[in-house]
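Residue numbering for the sequence shown is 1 to 402, as defined by the working numbering.
Even glycine gets a Cβ: it sits at the ideal position worked out from N, Cα and C.
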Amino acid sequence: MQNVSGKKIILGISGGIAAYKTASFVRLLIKAGAQVQVIMSPASCAFITPLTLATLSKRPVYTEFEKSFGEWTNHVDLALWADAMIIAPATANTLAKMANGLCDNLLLATYLSAKCPVFFAPAMDLDMFIHPSTKSNIQKLVSYGNIEIETAFGELASGLIGQGRMAEPEFMLNVLNEYFSKNSSNDLKGKQVVITAGPTYEPIDPVRFIGNHSTGKMGFDIANEAANRGANVVLITGPTSLKTNNSQIKVQKILSANDMYQACHDVFESADIVIGAAAIADYRPKTVATQKIKKNDEEFTIVLEKNPDILASLGAIKTHQFLVGFALETENEIEYAKSKLKKKNLDLIVLNSLNDKGAGFGKPTNKVTFIDKDFNIFPQELKSKEDVAKDIIDQILKNYAK
Ligand code: CTP
């Protein structure tokens, strides 16, 4: 597996002839399992079309501050989303603007907002490259912590031979792979992590079911994070449209709470950590009609019976496993969460309060509070679900070490 797998990369393209090489660079990144968001400077669109790059990256390409009339492209959100940004080709003009804080296009505004590492691959003609102002701009950018991907020696578009060619796509991919390999914490290496996600569907008849609004996003984000940190991950998920971004994750799809119960128990013995992020139906129809139920009566009653509590059943038999549950509450949040922690014999509980803005089903963000076995309480800020997933793994590791 390549180290860029699962990473979110912004590729910023500025207006030089080497822009044509970004098509194969995007292909390489996508093949390696990265998510790629392309942002083009207006000048670069003369060298390669946004349509080519959108097709290869499987995402819309951004070129302007305004996506469509009245819809703004949020460069701050883009910059926060990325694990790394790479500007390739970085022309003399774009380098000069970056070095001096100019931001007259979306690419530069995103660069200025970036909190992630920024790589840049200069590309220009020899005389421009050796000009003292270009040299000093590159030095300035490196002194700000940006990482230069050095130019190659060879034939340039002008016919001159010398330094100034943009590094080859394969080389740039290697640089990113190396960076992520050095910086990946791998702190879950060798650990077996089981995660449940999504809703369950409890059948009523062959065409109907009782379900809920869970999208599975929180569980999928935890699975991606755990796998990216070296864990062997089994993701047991109810119906969802989501896909994992790490090919090493073993995904097991189930429908009902009973299916999920069985799947969890099948893998429990070999698990080190189990995280129950699924929204499991507490009840299921007592009888499931074999044929579609007809609307003959004015009223219709479905008798429900209790589903097994999966986490509680695992808590009752756990030996070495570290068990993490979620609690979704609307009132007396801390007290209810503490009692769930105790009742289910958990090691950690992640409390979601529906009273917090931005938390809950279908939202890209979440605001959680961790409560550990000793009832220590750790409230967290409102964050993207990806960042909450990082915090959950960090918190598990802190408690696990004890
Ligand atoms: N859970 C479970 N099995 C169930 C129901 C819930 O394993 N049948 C897990 C969930 O995955 C979650 C935790 O238990 O990690 C708490 O779920 P929640 O819906 O908040 O609580 P419940 O235990 O169902 O209690 P209640 O609905 O009464 O609040």
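Asked                                                                                                                                  : Found
Element boundaries [beta strand (DSSP E), containing proline 132]                                                                      : Proline 132 -> not in any beta strand (DSSP E); alpha helix (DSSP H) instead, spanning 132-143.
8 Å contact criterion, which serine 5 and valine 36 should meet: CB distance rounded                                                   : Serine 5 to valine 36, Cβ: 12 Å. No contact.
Valine 38: first and last residue of the uninterrupted alpha helix (DSSP H) it sits in                                                 : No alpha helix (DSSP H) contains valine 38, which is instead part of the beta strand (DSSP E) from 35-40.
Three-state secondary structure assigned by DSSP to tyrosine 201                                                                       : coil
Where the beta strand (DSSP E) containing leucine 346 begins and where it ends                                                         : Here leucine 346 belongs to no beta strand (DSSP E), and DSSP marks it neither H nor E.
Segment contact flag, the region 286-305 with the region 326-342, C-beta cutoff 8 Å, min 3 pairs                                       : no
Integer Cβ distance of leucine 242 from phenylalanine 220, believed to fall under 8 Å                                                  : 5 Å
Cβ-based burial, leucine 348 [other Cβ within 10 Å; buried from 16]                                                                    : buried
Those residues which DSSP pairs with glycine 11 across a bridge                                                                        : In the sequence on display, residue 11 carries leucine and not glycine. Answer is Val38 and Ile86.
Check: aspartate 221 C-beta below 6 Å from any heavy atom of the ligand CTP                                                            : no
Lysine 191 and alanine 231 closer than 7 Å at C-beta                                                                                   : yes
Limits of the unbroken alpha helix (DSSP H) element including threonine 55                                                             : 50-57
Of the residues Ala227, Asp374, Asp309 and Ile275, the one placed nearest alanine 197, counting alpha carbons only                     : Ile275
Inter-residue CB distance, alanine 337 and isoleucine 371 (contact presumed, cutoff 8 Å)                                               : 6 Å
Threonine 110 beta carbon less than 7 Å from that of alanine 79                                                                        : yes
Environment of tyrosine 403 [buried if 16+ CB atoms lie within 10 Å]                                                                   : Outside the shown range of the chain (1 to 402) lies residue 403, about which nothing can therefore be said.
Chain-order list of residues whose beta-carbon lies under 7 Å from that of phenylalanine 65 (same chain, five-residue window excluded) : Trp72, Thr73 and Leu106
Beta-carbon gap between alanine 473 and aspartate 205 smaller than 7 Å                                                                 : Shown here, the chain extends from 1 to 402; a query on residue 473 therefore has no answer.
C-beta contact flag for isoleucine 280 and alanine 257 at 7 Å                                                                          : yes
beta-carbon phenylalanine 326 near the ligand CTP non-hydrogen atom, thresh 6 Å                                                        : yes
Own chain partners of glutamine 163 with C-beta closer than 7 Å, once the 5 adjacent residues on each side are dropped                 : Leu126, Phe129, Thr151 and Phe153
Contact check, methionine 124 vs threonine 91, beta carbons under 7 Å                                                                  : yes
The ligand CTP heavy atom lying under 6 Å from the CB of glycine 358                                                                   : no
For arginine 27, the three-state DSSP class (helix, strand or coil)                                                                    : helix
Cβ contact check for the region 381-390 and the region 355-369: 3 or more pairs under 8 Å                                              : yes
Among Thr287, Ser214, Gln248 and Ser143, the one whose alpha carbon lies nearest that of threonine 237                                 : Ser214
Inter-residue Cα distance where the pair is glutamate 269 and phenylalanine 322                                                        : 12 Å
C-alpha distance - alanine 114 paired with glutamate 298, whole-angstrom precision                                                     : 60 Å
Near the ligand CTP: leucine 311 beta-carbon under 6 Å from a heavy atom                                                               : yes
Distance, asparagine 146 Cα to phenylalanine 429 Cα                                                                                    : Past the edges of the chain, shown from 1 to 402, lies residue 429, and the structure says nothing about it.
Where the alpha helix (DSSP H) containing leucine 314 begins and where it ends                                                         : 310-317
Aspartate 282 beta carbon near the ligand CTP (any heavy atom closer than 6 Å)                                                         : yes
Buried/exposed call for aspartate 77, threshold 16 Cβ in 10 Å                                                                          : exposed
Pairwise C-alpha distance: lysine 31 and aspartate 387                                                                                 : 25 Å
Beta-carbon contacts of cysteine 116 that lie in its chain and below 7 Å, excluding the five residues immediately before and after     : Ala82, Asp83, Ala84 and Met85
Cβ-based neighbour list, tyrosine 439, same chain, cut-off 6 Å, excluding 5 preceding and 5 following                                  : This structure leaves residue 439 out entirely; the chain is present only between 1 and 402.
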